[in-house]
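> The sequence shown begins at 0 in numbering that gives the first Met the number 0 and counts up one residue at a time.
Note that CB positions come from ideal geometry on N, CA and C, so glycine has one too.
As the structure is a prediction and not an experimental result, all values here were calculated from the model.
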Amino acid sequence: MDIYEELPSNIILLRATVPEIWDEYRRKAASIFSERTRATVKLIPNSTHLLYWDYPKVIVEEIRKHW
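(1) Would you verify that the beta carbon of R35 is, or is not, closer than 7 Å to some beta carbon of chain B?
(2) Once you ignore the five residues that flank N45 on each side, which residues in its own chain have a CB closer than 7 Å to its CB?
(3) Does the segment 1 to 13 come within contact of the segment 31 to 46, defined as at least 3 CB pairs closer than 8 Å?
(4) Can you tell me which of the three DSSP states V40 falls into?
(5) Looking at the strands, I want to know which residues DSSP matches up with I11.
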């Protein structure tokens, strides 16, 4: 089920960058997300899937900036 069109465009996808072996897949997925929602995708350098554990202050700052 594709729900992208139902998502608001003012959301932000914070994207992990580690491990680099997954970069191609992440780029494709983020591109689809961005195209279909018109939302912003932001890479968080040196972060894993658990980027909120890796860089909690960065996540908090992003939430505060866009809340």
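Quick look at the numbers:
(1) Protein chains in the displayed structure number just one, and chain B is not present.
(2) The residues are T16 and V17.
(3) When Cβ pairs closer than 8 Å are counted between the two stretches, the segment 1 to 13 is seen to touch the segment 31 to 46, the count reaching three or more.
(4) Per DSSP, reduced to three states, the secondary structure at V40 is strand.
(5) In the DSSP output, where bridge partners are listed per residue, I11 has T39.
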